[in-house]
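The block underneath contains the structure these notes are about, expressed in structure tokens.
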Amino acid sequence: MSLNMTTRQVGDVTVIDASGRITLGEGSSAFRDMVRDLASQGHKKLLLNLGDVSYIDSSGIGEMVSGFTTVTNHGGMLKLLGLNKRVKDLLQITKLYTVFEVFDDEAEGVRSFQ
Amino acid sequence: MAPQDHTAAAGTGSSEHLLDSTLETIDTAEALVTEAAQRLGIDEDDIPGLGMAIRECVANAVVHGNRYSTKKKVYLKVWVGERSLEVLVGDEGDGFAVTDVPDPLAEENLMKQSGRGILLIRAFVDEFVVRKREPQGTEVRLVKHLPQ
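For the protein sequence lines, the chains are A and B, in the order given. Heads up, the first sequence is in the numbering used here, so the first residue is 904 and it goes up one at a time. Heads up, the second sequence is in the numbering used here, so the first residue is 895 and it goes up one at a time.
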């Protein structure tokens, strides 16, 4: 299953709803393109909803880190929402829990930007 | 080369595969190893992690080893033993030393885009060995044991 992504606005927060797999190839490049486009369009509060993402590999993790840096360099913030256990484990293993703010509840994630 | 199956006792045995240096090979390898892991009876909760380890190994072989060359193949061998699963992944690249890979958990590397593959492989298998492949390339051996 490839990666599908849509965006929606919740106030001034842009929520990216992702589903599928963020893996080497189309999945990770589609993710990279979307985050770069949003950052360059001036979206500064990005909440990446990974609730329906079943699988992320090291390439996908790399793109998430790169996306975090891109958004930060544009003066914005990229936060994560709805990680399943497997993705949480990956963030623990890679120590990226210390980098990303992670939320289980969307409303809480949205409020965190205020 | 067509896959060669060497099946012994029920469930045990090995198979060998010579695969193209494409991203599709990553899916193929994961599917073959997942099937073998299920046959061995590895816990369903451990199979996605094992699958990830295989994907990272084969991605390294395709991308960094063979550099997507149509002239180079990825060699995959899967053994199912009585209580363990062993996988060999070989490429025909220039080789690399694991010790040359920077620690992805070091503060200065945490925000780097790449370099986490070996960390993830080690996290999900019981044994991980990298060695030079003759006459050319790298061979990675992964082992996953059933719990005692």
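Even for Gly, the Cβ is constructed at its ideal location relative to N, Cα and C. Bear in mind that the values here come from a model prediction, so they are computed numbers and not experimental data.
Query raised in the report: Of all the residues that make up the region 967-1001 of chain B, which are near chain A by a beta-carbon distance shorter than 8 Å?
Result: P998 and L999
Query raised in the report: What residue does the beta strand (DSSP E) around T993(B) start on, and which one ends it?
Result: Element bounds for T993(B): n/a, residue is neither H nor E.
Report task. Put Y1000(A) into one of helix, strand or coil per three-state DSSP. Result -> helix
Query raised in the report: Terminal residues of the continuous alpha helix (DSSP H) containing D955(A)?
Result: Unbroken run through D955(A) is the beta strand (DSSP E), K948 to I959; no alpha helix (DSSP H).
Query - Distance, E924(B) Cα to V1034(B) Cα - result: Distance between the alpha carbons of V1034(B) and E924(B): 15 Å.
Report task. Could you say if the region 932-941 of chain B and the region 932-952 of chain A meet the contact criterion of at least three C-beta pairs nearer than 8 Å? Result -> no
Query - Distance CB(G1012(A))-CB(K982(A)) smaller than 9 Å - result: In contact: G1012(A) and K982(A) (Cβ atoms closer than 9 Å).
Query raised in the report: Is H941(B) close to chain A, meaning its C-beta is less than 9 Å from at least one C-beta of that chain?
Result: Residue identity differs from the one stated: residue 941(B) is Ile in this sequence, not His. No, no contact with chain A.
Query raised in the report: How many whole angstroms separate the CB atoms of G963(A) and G930(A), which I take to be in contact at a CB cut-off of 8 Å?
Result: Yes, they are in contact, since the Cβ atoms of G963(A) and G930(A) sit about 7 Å apart, within 8 Å.
Report task. With 7 Å as the C-beta to C-beta threshold (strictly closer), list the residues of the region 1007-1038 of chain B near chain A in chain order. Result -> Q1007, S1008, R1010, G1011, L1013, L1014 and A1017
Query raised in the report: Any Cβ of chain A within less than 9 Å of the Cβ of I936(B)?
Result: no
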